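Have a look at the structure below, then the notes.
There are 4 protein chains.
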Amino acid sequence: MSDVKKVVLAYSGGLDTSVIVKWLQEEYQCEVVTFTADLGQGEEVEPARAKAQALGVKEIFIEDLREEFVRDFVFPMFRANTVYEGEYLLGTSIARPLIAKRLIEIANETGADAISHGATGKGNDQVRFELGAYALKPGVQVIAPWREWDLTSRETLMAYCEKHDIPVDFSKAKKKSPYSMDANLLHISYEGDLLEDPWTSAEEDMWRWSVSPEQAPDEATIIELGFEKGDAVSINGEKMSPATILETLNKIGGANGIGRDDLVENRFVGMKSRGCYETPGGTILLKAHRAMESITLDREAAHLKDEIMPKYAKVIYNGFWWSEERRMLQALIDASQEFVTGTVRLKLYKGNVIVEGRESPYSLFDSTIATFEDDAGAYDQKDAAGFIKLNALRMRIAAQKGRTFLDRD
Amino acid sequence: MSDVKKVVLAYSGGLDTSVIVKWLQEEYQCEVVTFTADLGQGEEVEPARAKAQALGVKEIFIEDLREEFVRDFVFPMFRANTVYEGEYLLGTSIARPLIAKRLIEIANETGADAISHGATGKGNDQVRFELGAYALKPGVQVIAPWREWDLTSRETLMAYCEKHDIPVDFSKAKKKSPYSMDANLLHISYEGDLLEDPWTSAEEDMWRWSVSPEQAPDEATIIELGFEKGDAVSINGEKMSPATILETLNKIGGANGIGRDDLVENRFVGMKSRGCYETPGGTILLKAHRAMESITLDREAAHLKDEIMPKYAKVIYNGFWWSEERRMLQALIDASQEFVTGTVRLKLYKGNVIVEGRESPYSLFDSTIATFEDDAGAYDQKDAAGFIKLNALRMRIAAQKGRTFLDRD
Amino acid sequence: MSDVKKVVLAYSGGLDTSVIVKWLQEEYQCEVVTFTADLGQGEEVEPARAKAQALGVKEIFIEDLREEFVRDFVFPMFRANTVYEGEYLLGTSIARPLIAKRLIEIANETGADAISHGATGKGNDQVRFELGAYALKPGVQVIAPWREWDLTSRETLMAYCEKHDIPVDFSKAKKKSPYSMDANLLHISYEGDLLEDPWTSAEEDMWRWSVSPEQAPDEATIIELGFEKGDAVSINGEKMSPATILETLNKIGGANGIGRDDLVENRFVGMKSRGCYETPGGTILLKAHRAMESITLDREAAHLKDEIMPKYAKVIYNGFWWSEERRMLQALIDASQEFVTGTVRLKLYKGNVIVEGRESPYSLFDSTIATFEDDAGAYDQKDAAGFIKLNALRMRIAAQKGRTFLDRD
Amino acid sequence: MSDVKKVVLAYSGGLDTSVIVKWLQEEYQCEVVTFTADLGQGEEVEPARAKAQALGVKEIFIEDLREEFVRDFVFPMFRANTVYEGEYLLGTSIARPLIAKRLIEIANETGADAISHGATGKGNDQVRFELGAYALKPGVQVIAPWREWDLTSRETLMAYCEKHDIPVDFSKAKKKSPYSMDANLLHISYEGDLLEDPWTSAEEDMWRWSVSPEQAPDEATIIELGFEKGDAVSINGEKMSPATILETLNKIGGANGIGRDDLVENRFVGMKSRGCYETPGGTILLKAHRAMESITLDREAAHLKDEIMPKYAKVIYNGFWWSEERRMLQALIDASQEFVTGTVRLKLYKGNVIVEGRESPYSLFDSTIATFEDDAGAYDQKDAAGFIKLNALRMRIAAQKGRTFLDRD
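Protein chains in written order, with the working numbering: chain A, 55 to 463; chain B, 55 to 463; chain C, 55 to 463; chain D, 55 to 463.
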């Protein structure tokens, strides 16, 4: 166990990971490198520097990864209209592979032989961090303190802090939210406490990023979202960077009561778990992207994407972003997005995302064919008879041979 | 062509199918049997009797199929959380196989050798009617007047009426909706006219079954929906028949601005088509069923259902209800619903369907395992290390052999 | 660890599991119940009784499970034409759920609180045994000696035998095959030793159930295999029980050099593994069942089965027979087999299984339609034009809008 | 009908397509351009020139497309281990998109507004030609004489020849094979005549490319097939072009009785059809490619390919090569082949293709992990316990809640 010389820790600057810094130094007698990333969680990351220094950390990495996060992880995922178990937009899942990648890159850079994280032994995040780490650096050692130590209650943790002079901001520690939370530019999540009873609804003051539909404005907000090759690129005609797009949609969406979800999901480690999520921008983006595809994607391309999506969502949820199967699925998805370019007009109102219009230079919608009016020969209705006849042929033969559905169960 | 002796027509009692009665009598010199069904479209069906009689029809079938429709078609479909192309709840598609079945049963009963319908040659409904008919009676002849005749404009149709003394209620014909509509207990649909431009939003006065979210009450409605083996059986503790459940949900949902959808879909016959749909009860049912499953379904059962669903939706959309593949998929789906029993509490508010709670005697949610608190040994966090190690093994081996993701595209 | 009172062991009567009996008694201070099954492995099971008695075992279960094995496990699997990774007929995998089931039933019957098996910690079998056990008796304790003890070399094992007076038949132990083998009515498998180099071919004297194609008779054997609802029921017109069918096919197949396979497969635990398999009867059965389906299955039913098969194979290979997903997939598969009834004529010759003919009272093959000769109007070739036109419509629209394939990558 | 000015005909030089030349000139009063391709069918294509000239054709295209055929169509398809309905290697299907492409390119080059082919109205080939044509040139007119004319018997055809002075080589026409055949470098196919009874086996003298297993040499042939990124590149160490590889494998395979298949397949147009195929080289290639992948592909990459394959096969069989869905599937498949490089050693003997060894610089087979011997810590067997425990968790919870499989059907 003690052959670890240097470990890179995913460090939030909070109490738990501060304890981990100390614990790693003590238990493993090794040097700790901290890595703190701004993924849009809405908290300052710079204060983590002083805290780490106070704990004796010499190599401190603090990075703004917001653009990379949205451009290389969130957007590729949204190209697939990805939803896990019909509801969850994978806000936590999609941030993990980027953190895993930076942990490993920093380990390579600093000559560390291990990485560590503050995820518990019951959740999906440990899996996502570690699968990513192993895939990117197979010989790396992973230290997951929550699976190893005995500081499993608030009391033992506090005692440890006292013993090791770790400063606890008690005012903060006290009024701390009772929920286990995770946030980044895509979402904020809540688990635990009251939510552990799936019959109990979430309290209104739990939610942080959105107003309730009831409290949202009585006036709708109309926006136009521009897409290029499957990715959002502009709002109301103004070009924006990926992170800015998502940040802006979060604000508009949250103000209109959009993006709350309350669900019970199936974790990769085997149990069901209740979670509440706020994904304002993502909720808008999903609806808009589907609308954009509805006029620009070929039918069979769209169906193939829909059929493959649950598997793609599962791959990401389970933590296999850095895998061959994810690369292969991404190749299929990306190959479909060449013409997913245009504009979607949306009405946002008290929790609703309503598509009001879609247009594209590559639109496959052809009103001269679809029309109920005279189509001037664009479509020969008589073709439909042959089409139906041959589609029915196998069933007619079966019925002629006595296989009918009328008498069967 | 003229070897048809008797034809069963899907007869609405409206102008178009009244013209078809006459046209069949003239063109095919055959007897016409009319079949008019109450599927919950919200219009009286009994008046169709007098109209048919006036056209010389002797065998007139008028039936209330609402319970059969919901019990044997809508509910089985909702067990699969069926959605076509991410949006459409298949309200029109799911009514067609029942009509096809009754057309054929009546043909068998009355000794008819043909069936006929009023669907156009551009849409999906012709396919659904005819595939069902051929599957159930392979030797049946199908007459689709809209693919054959030249009464393709309003003018020629009116001229035909005048020539053949078909009474036209001009007041009605005039103020007729500009949209092509279809309705049954599951939904009402709108196509055509203004909707043929996908950038134009639907006019508020088009919608018939729901108020807009803006006009919905400022006070939310809370309901509890009871399920047994995957089907809704009660509202607020009161047991109801399938059709009554759906009818009630339509009313509550419509009053709360729920269930409108505006989309561009891909037809089986090959073109894209803009459609607007109101599915108030179905929208509630879908959300509630998923919530019910979230605590009662095994994870892999849920994922298998999600993976198979797009194919099942396509089978129904394309008109293959009466097929081996639909029976097989249904067997798989139904095998999953044995324990989908319990209650879901929902908040309905201005277009939103919000899950507030779910409970079941068969719940698989186990808070003693999922808890962030001490679980008294219900789950050994150390198991997670081995779980992750073996899940990572194939990727670690690959990385050791030089296949890394860091340098690849 | 020592709270186990009674354990049911899957006992082969061989040296390894005999050592396990003693080890369990020593380490766990618990009573051992042995369970030995005849699954058609080709060795007497009755001798296991005396051996167990000699080890002090009081409750000894020796059972002939051959019919149940073939009827309830092998045949349902073959209804799906199940093949893992394009090659492996799952001969080992499919026996495990039955053994797991009997272990648990015997545990329930004898009041045991644990089960044990002799599978190693690197293979799939431990997973299959244990997943089955946990699914059928969630509170059961599982003891896997190979993951716990330190008797990991031949020497330590022999020393243990000597110390505990376990009789070793040295003559047998010595001339023992160098391969790790497993056998039942479906197959015999070989792993390890020379096979650990995938470039080296298997030695001819390794194979036990079949002659090589070279040594097979110069004269072909013709057989007719009868099917009812997807299961083989007769050979050359003679009705036989499931186990007898498979046993007979094994003999005929093995004599004709049929059923050898040499492959590298991917284990559930994460590594690749070289295995050689002899599956004479299964190889014949697979080919014959597909031929039987080729004239009796609807096209889309057949395609749906083919699409779902790899997942079904994976479920079985990974040990999830006793799972919701397996039940659901089985429901889908079984729903397709109602008319898979008839006869297939096969020519067996030096490793080849050649289909010579298939016939069925439910055949969907209709030569009056398929014929190149005049079909007397059974099929109207003009229907094909409309069929093609509408199938092409989406692609024509796309091409008209400038999306061509000629200039693209 | 008569607005066609110039038509490009897929011209074999045989009697049927010669009649079509004349018929097109007569019926459509248009100019005919002939296109004859050498796809490896084993017949001289140059003689088609004189025949076309004799029929008054001015623009004559005769091309050797063998390399393009194998490189851009056959090989990409084999990367997916493509098999239709478990048996058919798609030898005919895969040639059609190339012919369609050249027909359209020649139409563009010569200013033709139509294409024509000699496929009947009952088969798949008409669909494949025409879907390809419409996808590549949406406004093209397609003329399918067999669906239009009345020359449907041998007699009427001969009368037409006599009337229009089309030279008939009677000796050849007489001793013509009774089977409808199609050949290219990948296969030769037989349909019709005796084969229309699926209980009757094919006559030995029907087969043209292979000897029977009985007549094959008593001595096995050993070859080593080299692969690079999923494609075969060498035989016995000698680098060869794609077409040469396939041609060589055809010879070796045919000489060893390899590659015959006799099956009943489901056509896209709705009926079942009996076909016999000889695919010597393809049969070897398929087996070898799978063996190559078995040591070089990641497990989940392999499984994903297997799950997607039936759909890919269907897309090709049905004629949708030039479609978005084929491009997307190809992107997924190709993304998996980067490391499918190495050598497979095969033994070819009387119909058998036996894998004797596989090796690769990128092999993922790691004998130090898979070994039954001491692995020096490469794999910790204790990890398996946690792996199994968490994989079993969902099933244990369900069983604890009373959902058992022991009493359920």
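Every residue gets a Cβ at the ideal spot worked out from N, C-alpha and C, and that includes glycine. Bear in mind that the values here come from a model prediction, so they are computed numbers and not experimental data.
- Setting aside the 5 residues that flank it on each side, Ala356/D is surrounded in the same chain by Glu347, each with a C-beta closer than 7 Å to its C-beta; the list follows chain order.
- Apart from sequence neighbours up to five positions away, the residues of its chain that approach Arg125/A with a beta-carbon distance below 6 Å are Pro296, ordered along the chain.
- Within the same chain, and ignoring the five residues on either side of Glu413/B in sequence, the residues whose Cβ sits closer than 7 Å to its Cβ are Gly396, Thr397.
- Under the Cβ criterion of 7 Å, Thr71/C is not counted among the residues facing chain D.
- In the structure shown, Tyr433/C adopts coil according to DSSP, grouped into three states.
- Between Asp429/C and Ile312/C, the alpha-carbon positions lie close to 41 Å from each other.
- Contacts between Glu354/D and chain A, judged by CB atoms closer than 8 Å, involve Phe374, Ser377, Glu378, Glu379 in chain order.
- For the pair Trp200/D and Gly177/D, the CB atoms are not nearer than the 7 Å cut-off.
- DSSP, reduced to helix, strand and coil, places Ser327/D within a strand of the structure shown.
- In the structure shown, Ser170/B adopts extended strand secondary structure according to DSSP, grouped into three states.
- Counting along the chain, Lys217/A sits inside the alpha helix (DSSP H) bounded by residues 208-217.
- DSSP lists Asp285/A as the bridge partner or partners of Glu282/A.
- Look at Asn178/D here: in three-state DSSP terms it is coil, with no helix or strand label.
- A direct Cα-to-Cα measurement between Glu292/A and Ala286/A gives close to 11 Å.
- Closer than 7 Å at the C-beta level to chain C, one finds these residues of the stretch 296-330 of chain B: Val323, Gly324, Met325.
- Leu444, Asn445, Ala446, Leu447: these are the residues of the stretch 436-447 of chain B whose beta carbon lies less than 8 Å from some beta carbon of chain C, given in chain order.
- Apart from sequence neighbours up to five positions away, no residue of its chain approaches Lys365/C with a beta-carbon distance below 6 Å.
- Annotation: the continuous beta strand (DSSP E) that includes Ala91/A extends over 85-92.
- In this structure, the straight-line span from the alpha carbon of Ile338/D to that of Lys401/C is close to 21 Å.
- Contact check between the stretch 102-111 of chain D and the stretch 128-140 of chain D: fewer than three CB pairs, one atom from each, fall below 8 Å, which does not count as touching.
- Non-local beta-carbon contacts of Gln384/C in its own chain, meaning distances under 7 Å to residues more than five positions away in sequence, involve Pro130 in chain order.
- Not flagged as an interface residue toward chain A: Asp360/C, since no C-beta distance is shorter than 7 Å.
- Taking every protein chain shown into account, the CB of Arg208/D has fewer than 16 other CB atoms within 10 angstroms, so this residue is exposed.
- Taking a 10 Å sphere around the C-beta of Gln107/D, we find fewer than 16 other C-beta atoms and assign the residue as exposed.
- Contact check for Phe127/C and Ile148/C: beta-carbon distance about 5 Å, within the 8 Å limit, so the pair qualifies.
- For Ala237/A, the pairing in a beta bridge is given by DSSP as Ile242/A.
- Contacts with chain C at 7 Å (Cβ-Cβ) do not include Met212/D.
- The beta-carbon separation of Ala453/C and Leu418/A, rounded to 10 Å, does not stay under the 8 Å limit for a contact.
- At a beta-carbon threshold of 7 Å, the residues of chain B lying near Met382/C are Ala355, Leu358, Leu386, Ala389, Ser390, ordered along the chain.
- With a 10 Å radius around the Cβ and a threshold of 16 neighbouring Cβ atoms, Gly308/D comes out buried.
- Taking a contact as a CB-CB distance under 8 Å, the pair Tyr142/C and Tyr331/C counts as one, their CB atoms being some 7 Å apart.
- Annotation for Gln107/C: no beta strand (DSSP E) segment contains it, though the alpha helix (DSSP H) segment containing it runs 101-108.
- According to DSSP, Tyr142/D shares a beta bridge with Tyr138/D.
- In this structure, the straight-line span from the alpha carbon of Phe322/C to that of Gln180/C is close to 11 Å.
- The continuous alpha helix (DSSP H) containing Glu121/B extends over residues 120-123.
- Interface flag for Ala189/B against chain D is unset, since no Cβ pair is found closer than 7 Å.
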